[in-house]
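Notes to accompany the following structure.
In the numbering used here, the protein residues as written are 686 to 825.
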């Protein structure tokens, strides 16, 4: 039987707090794992709690996200934006990095998004995955 979402959140919070910061060769600087990224795993951009399956999927990918940050060599996408944080308008840069991983007969691309405010270090923002099955059968 699988873990409840509450148990996963508790375990993920301990893991997340233990990470602190790691060097990312793709952006050639240290990436901080702070409250912004952790909160974004549980809540969407409007502050609403994500669905249970969405939360579980993101928390399950958290340890893989650390590997992606440490091993990715290139930035796949870089965007600039203006957002509102706690009522203040702030300029940010989003960095998207990706790493392809294979497990059994599955290939999945794990994408990590990092965000950097004008002042401050880049921080982990979110993680997502795109699973692709390697066992393709042709239909007659």
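Just so it is clear, CB atoms sit at the ideal spot from N, CA and C, and this is done for glycine as well.
Residue i vs residue j beta-carbon contact at 8 Å
| i | j | result |
| --- | --- | --- |
| residue 781 | residue 801 | no |
| residue 766 | residue 795 | no |
| residue 784 | residue 752 | yes |
| residue 754 | residue 798 | no |
| residue 697 | residue 747 | yes |
| residue 810 | residue 721 | yes |
| residue 690 | residue 741 | yes |
| residue 815 | residue 793 | yes |
Per DSSP, cross-strand counterpart(s) of residue i
| i | result |
| --- | --- |
| residue 695 | For residue 695, which the question treats as bridged, DSSP gives no partner whatsoever. |
| residue 724 | Paired residue(s): none; residue 724 is not in a bridge. |
| residue 815 | 794 |
| residue 802 | 777 |
Identity of the residue in the options nearest residue i by Cα
| i | options | result |
| --- | --- | --- |
| residue 703 | 712, 688, 719 | 719 |
| residue 807 | 690, 693, 711 | 711 |
| residue 805 | 735, 740, 715 | 715 |
| residue 756 | 709, 731, 741, 774 | 709 |
| residue 831 | 713, 732, 773 | Since the displayed the chain opens at 686 and closes at 825, residue 831 lies outside it and no answer follows. |
| residue 734 | 694, 789, 717, 759 | 694 |
| residue 813 | 732, 706, 739, 760 | 739 |
| residue 760 | 713, 789, 736, 707 | 713 |
Notebook entry, point to check: Can you list the beta strand (DSSP E) stretches of 3 or more residues lying completely in the stretch 752-800, in chain order?
Noted result: If you keep only unbroken beta strand (DSSP E) runs of at least 3 residues inside the stretch 752-800, you get 762-770, 773-788.
Next item on the list: Decide if the stretch 726-736 is in contact with the stretch 777-795; the criterion is three or more beta carbon pairs, one per stretch, under 8 Å apart.
Entry: By the Cβ criterion, the stretch 726-736 is not in contact with the stretch 777-795, since fewer than three pairs of Cβ atoms, one from each stretch, lie closer than 8 Å.
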